[in-house]
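Here's the structure we're looking at; comments come further down.
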Amino acid sequence: GQCRVVCPTGAISIHTNIDPVWEALADKNTKVIAQIAPAVRVAVGDQFGYAKGENVMGKLVGVLHRLGFDEVYDTSYGADLTVIEESKEFIERFTAGEKLPLFTSCCPAWVKHCETKYPELAENLSTCRSPQQMFGAVVREYYKDPERNEGKRLVSVSIMPCTAKKEEILRPESMTNGKQDVDYVLTTTEIIRMIKKSGIVFDKVEIEAADVPFGIGSGSGVIFGVTGGVTEAVLRRLQQGHNRVDMEAIKTSGVRGDEGIKELTYNYNGREIKAAVVSGLANADKVIERIKNNEVHYDFVEVMACRRGCIMGGGQPVNAGPRTKRARMKGLYDTDVNTQIKKSNENPMILSLYDSLLKGKEHELLHRNFTK
Ligand code: SF4
Numbered sequence: 192g193q194c195r196v197v198c199p200t201g202a203i204s205i206h207t208n209i210d211p212v213w214e215a216l217a218d219k220n221t222k223v224i225a226q227i228a229p230a231v232r233v234a235v236g237d238q239f240g241y242a243k244g245e246n247v248m249g250k251l252v253g254v255l256h257r258l259g260f261d262e263v264y265d266t267s268y269g270a271d272l273t274v275i276e277e278s279k280e281f282i283e284r285f286t287a288g289e290k291l292p293l294f295t296s297c298c299p300a301w302v303k304h305c306e307t308k309y310p311e312l313a314e315n316l317s318t319c320r321s322p323q324q325m326f327g328a329v330v331r332e333y334y335k336d337p338e339r340n341e342g343k344r345l346v347s348v349s350i351m352p353c354t355a356k357k358e359e360i361l362r363p364e365s366m367t368n369g370k371q372d373v374d375y376v377l378t379t380t381e382i383i384r385m386i387k388k389s390g391i392v393f394d395k396v397e398i399e400a401a402d403v404p405f406g407i408g409s410g411s412g413v414i415f416g417v418t419g420g421v422t423e424a425v426l427r428r429l430q431q432g433h434n435r436v437d438m439e440a441i442k443t444s445g446v447r448g449d450e451g452i453k454e455l456t457y458n459y460n461g462r463e464i465k466a467a468v469v470s471g472l473a474n475a476d477k478v479i480e481r482i483k484n485n486e487v488h489y490d491f492v493e494v495m496a497c498r499r500g501c502i503m504g505g506g507q508p509v510n511a512g513p514r515t516k517r518a519r520m521k522g523l524y525d526t527d528v529n530t531q532i533k534k535s536n537e538n539p540m541i542l543s544l545y546d547s548l549l550k551g552k553e554h555e556l557l558h559r560n561f562t563k
């Protein structure tokens, strides 16, 4: 059986959600589920003696189960949902020639920046919720069934590389019917602190697989953690085939790499899609300046507020030099290489969700609602 760990800190802190999570874990009438974002798994290992950038997802799942989390899931699953919804939205706009470029909406710091600094461009933001929020809504819906929640209260925790994700869960338009889907966000550094406090010896814990049905993500879902990942995932979705050659062509299209602003062109049904991949808000400002001055035209623009994307998020362990940055990036791309399902729309767990729980509810659960 699982042993539960009672809060060893006793201290109440306002800036973190550690204490309410300890309390939920200790409460037998509560079902606590966790989702782990892609970037987290490549930033935890080196705190416990593993190589920088090594993907320690299996260990992390084992450790979280021992901490008392009833189910441990993968935010890559939520990212797969985002890819499917965002690709659909993009093709609709691209075909109609409306509200282009489509700006990605999975980074809450960027969304906020765009809304405040460029309100006239806010309608270009995708209506898709972020992977965290899509995931939160689907899980909440799934556990409405009393057979699944065993009559317990559900507490939904996400483990994120990002401090802005703490505010994202409170945004009304990302909630479902006015209710918050994710209860608490723990940053990577906070979960590391909890593991250290618990006395669990990280490298002694057996690796475990994430739980079904929300523990399986495609390679596309995993590379969300690095700049260019969302764009690459969307291009894979748009690509008809899925063999190695097709995947390689996308990989080498210019979508990968360290630069803060990347441009690429992709041929889709005889038409060219022009895309930009941006990381860092200063770089986003530069790109928007050029768009406004009609110096460039893009159909799709991915923006991540953190340089290099979520692997370098504000909730990740600091002191990350060039070696760490490269190692985390490599860690995620290597995970994609080792994942058989590369395309979000070929993830069988996603397909069955669209045929069941999501039927007729795509908009309610997966998109932001802007009722003023
Ligand atoms: Fe958060 Fe940074 Fe990722 Fe944006 S890029 S979601 S701010 S970690």
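Heads up: the sequence shown begins at 192 in the UniProt record's numbering, then just goes up one per residue.
The C-beta atom is built at its ideal place from N, Cα and C for all residues, glycine as well.
(1) Pro363: buried (16+ other C-beta within 10 angstroms of its C-beta) or exposed?
(2) Look at the alpha carbon of Gln238 and the alpha carbon of Arg232, and state the distance between them as a whole number of angstroms.
(3) Just grab the DSSP bridge partners of Thr378 for me.
(4) Note down, one range per segment and in chain order, each alpha helix (DSSP H) of at least 4 residues found wholly within the region 298-369.
(5) Which partner residues of Asn458 appear in the DSSP bridge assignment?
(6) Could you check if Gly410 is buried or exposed, using at least 16 other CB atoms within 10 Å of its CB as the buried criterion?
(7) Run the CB neighbour count on Leu544, radius 10 Å, all protein chains shown included, and call it buried at 16 or more, exposed below.
(8) Between the C-alpha atoms of Thr200 and Ser389, what's the straight-line distance to the nearest angstrom?
(9) Let me confirm a value: Lys308 is counted as buried when at least 16 other C-beta atoms fall within 10 Å, else exposed. Which label applies?
(10) Roughly how many whole angstroms lie between the Cα atoms of Gly419 and Asp527?
(11) According to the Cβ coordinates, are Val373 and Ser267 closer than 8 Å?
(12) Spatial neighbours of Lys343 within its chain, please: C-beta separation below 7 Å, excluding the five flanking residues on both sides.
(13) Decide yes or no for the touch test of the region 389-402 against the region 495-514: beta carbon pairs closer than 8 Å, at least 3 of them.
(14) With a CB to CB cut of under 7 Å and the five nearest residues on each side skipped, what residues in its chain are close to Thr530?
(15) Who are the near neighbours of Tyr333 in its chain, counting only those whose CB is closer than 7 Å to its CB and skipping five residues on each side?
(16) Spatial neighbours of Val425 within its chain, please: CB distance less than 8 Å, with the 5 preceding and 5 following residues excluded, ordered by chain position.
(17) Please confirm whether Ser365 and Arg320 have their CB atoms less than 8 Å apart.
(18) Sorted by chain position, which residues of the same chain lie with C-beta nearer than 6 Å to Met540's C-beta, five sequence neighbours on each side aside?
(19) Could you work out which residue in Gly505, Ile350, Val252, Phe260 is closest to Pro400 when comparing CA atoms only?
(20) Measuring alpha carbon to alpha carbon, tell me which residue in Leu523, Glu493, Pro310, Glu553 is nearest Ser296.
(21) Could you pull the start and end residues of the alpha helix (DSSP H) that Ile441 belongs to?
(22) Tell me which residues share the same chain as Gln324 and place their Cβ nearer than 6 Å to its Cβ, disregarding the 5 neighbours each side in the sequence.
(23) Using beta carbons (cut-off 8 Å, strictly below), is Thr422 in contact with chain C?
(24) What does the alpha-carbon distance come out to for the pair Asn484 and Asn460?
(25) What is the DSSP secondary structure of Lys453, reduced to helix, strand or coil?
(26) Hey, could you find the ends of the beta strand (DSSP E) Ile227 is sitting in?
(27) By DSSP, does Val425 sit in helix, in strand, or in coil?
(28) Report the rounded CA-to-CA distance for Val509 versus Asp449, giving the unit in angstroms.
(29) Any heavy atom of ligand 1 closer than 7 Å to the beta-carbon of Trp301?
(30) In terms of DSSP beta bridges, what is Met495 paired with?
(31) If you compare alpha carbons, which of Ile383, Thr354, Gly471 is closest to residue 568?
(32) Return yes when the C-beta of Met495 is under 7 Å from any heavy atom of ligand 1, and no when it is not.
(33) Lys442 and Glu423: beta carbons closer than 8 Å?
(34) Give me whichever residues DSSP pairs with Glu262 in a beta bridge.
(35) Can you tell me whether DSSP reads His488 as helix, strand or coil?
(36) Does any heavy atom of ligand 1 sit closer than 7 Å to the C-beta of Gly410?
Based on what the coordinates show:
(1) exposed
(2) 11 Å
(3) Met351
(4) 299-308, 322-333, 337-340, 355-359
(5) Glu463
(6) buried
(7) buried
(8) Note that Thr200 scores a pLDDT of 47, beneath 50, so its modelled location is shaky; the value from the coordinates is reported in the next line. The straight-line gap from Cα to Cα measures roughly 9 Å.
(9) exposed
(10) 14 Å
(11) no
(12) Asn220, Thr221, Lys222
(13) no
(14) Ser409, Gly410, Val413
(15) Arg339, Leu548
(16) Val274, Glu277, Ser278, Phe281, Phe491
(17) yes
(18) Pro404, Ile407
(19) Per the sequence presented here, residue 400 reads as Ala, with Pro not at that position. Out of Gly505, Ile350, Val252, Phe260, Val252 has the C-alpha closest to the C-alpha of Ala400.
(20) Glu493
(21) 435-441
(22) Ser365
(23) In summary, chain C is missing from the structure at hand, where a single protein chain is found.
(24) 29 Å
(25) strand
(26) 221-227
(27) helix
(28) 19 Å
(29) yes
(30) Ser470
(31) The structure shown has nothing for residue 568, since the chain only spans 192 to 563.
(32) yes
(33) yes
(34) Ile224
(35) coil
(36) no
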